[in-house]
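Residue numbers (this note's numbering): 177 to 259.
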């Protein structure tokens with residue numbers, strides 16, 4: 177049994193300049209509006225995507241943790257502890 181009890185959502189993103197709400201289900205928008213903590217590959221593009229999906233979401237409320245080729249593997253358990 178895992179010590180974590182939260183939920184981890186995998187949020188799809190679009191490629192190119194496609195408007196997200198034209199191709200993603202409304203459930204993605206609703207999920208983004210409910211959560212403020214994200215594990216992302218790139219903070220700048222993640223903020224831009226979240227802003228497109230939910231323009232009223234306060235950027236200052238977001239907690240973004242990087243997960244890319246530069247991420248220290250030892251940091252990953254702490255990411256999950258914040259969810």
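Cβ coordinates follow ideal geometry from the N, Cα and C atoms, glycine included.
Just checking my contact of residue 143 with residue 199 at CB under 8 Å: how many whole Å lie between their CB atoms?
No answer is possible for residue 143: the residues shown for the chain start at 177 and end at 259.
Measuring CA to CA, which of 195, 240 and 244 is closest to residue 217?
244
Can you tell me whether residue 185 is buried or exposed, with buried defined as 16 or more other CB within 10 angstroms of its CB?
exposed
For residue 202, the nearest candidate out of 215, 224, 230 and 212 (CA to CA):
230
Enumerate in chain order the residues of its own chain whose CB-to-CB distance from residue 215 is below 6 Å, with the five nearest sequence positions on each side excluded.
241, 243 and 255
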